[in-house]
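A.B. asks: Under UniProt numbering, the first residue of the sequence shown is numbered 1, with each subsequent residue one higher. Cβ coordinates follow ideal geometry from the N, Cα and C atoms, glycine included. Before anything else, here's the structure in question.
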Amino acid sequence: MTQVSMTVNGKAASGDVEGRTLLVQFLREDLGLTGTHVGCDTSQCGACVVHVNGAAVKACTMLALEAEGAEVATIEGQAEADGSLNVIQQAFQDHHGLQCGFCTPGMVMSAAALLKDNPQPSEAEIRHYLDGNICRCTGYHNIVKAIMAASGQDVSALAAE
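Given below as structure tokens:
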């Protein structure tokens, strides 16, 4: 076992892990942050997306030890200080960008990374960026609409699907 320390959602976090422990396992099992989901274990679904030092990362592809000293942000840290939903989360709710909710944490985290780098992405840019996230319920249209709304764009022109 090896000690690993990082900052998760602005708070110091540490624990003893085996060398093979994935970041997603450490977050869920050691820290109890179960909003980061495990959907495929093969890096295809994106349900486990977190931010590591500001970059979107699939936590099932990174060892916990690789996050030593890093700043990690999970879905649990996305709400506003008063506990209310942030603009992206609210847009997902307002525009029905979720159904079962399983993929939603990864989608929200991916959307946050996209909007940080591209504050007003086009529909095509959003769809391209979400290539690494799988949703089996919504068909993506409302997810795209939610991300566009979160960026402050008018979504009334998007056709209903």
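Go ahead and label Gly97 buried or exposed: buried means 16 or more other beta carbons lie within 10 angstroms of its beta carbon, across all protein chains shown.
C.D. replies: Buried.
A.B. asks: Just to confirm before moving on: does the CB-CB distance between Asn133 and Gly106 stay below 8 Å?
C.D. replies: Yes, the Cβ-Cβ distance between Asn133 and Gly106 is below 8 Å.
A.B. asks: Could you give the distance in angstroms between the alpha-carbon of Ile126 and the alpha-carbon of Cys40?
C.D. replies: Each residue's Cα considered, the two are about 22 Å apart.
A.B. asks: Identify the continuous beta strand (DSSP E) that holds Ala56 and give its terminal residues.
C.D. replies: Run containing Ala56: 55-58, per the beta strand (DSSP E) assignment.
A.B. asks: Pick from Gly10, Lys11, Glu80, Gly19: whose alpha carbon is nearest that of Thr2?
C.D. replies: When each option's Cα is compared against that of Thr2, the closest is Gly19.
A.B. asks: Scan the UniProt domain "2Fe-2S ferredoxin-type" (2-78) and note each continuous beta strand (DSSP E) run of 3 residues or more that stays entirely inside, going in chain order.
C.D. replies: Entirely contained in the UniProt domain "2Fe-2S ferredoxin-type" (2-78), the beta strand (DSSP E) runs reaching 3 residues are, in chain order, 2-8, 11-17, 49-52, 55-58, 71-73.
A.B. asks: Which whole-angstrom value describes the C-beta separation of Val4 and Leu65, a residue pair presumed to lie in contact below a C-beta threshold of 8 Å?
C.D. replies: With a Cβ gap of about 5 Å, Val4 and Leu65 count as contacting.
A.B. asks: Nearest by alpha-carbon distance to Leu63: which of Phe102, Leu27, Ile147, Gly101 is it?
C.D. replies: With distances taken between Cα atoms, Leu63 lies closest to Leu27.
A.B. asks: Alpha carbon to alpha carbon, how far is Cys60 from Leu33? Give it in angstroms, no decimals.
C.D. replies: Their Cα atoms are separated by approximately 14 Å.
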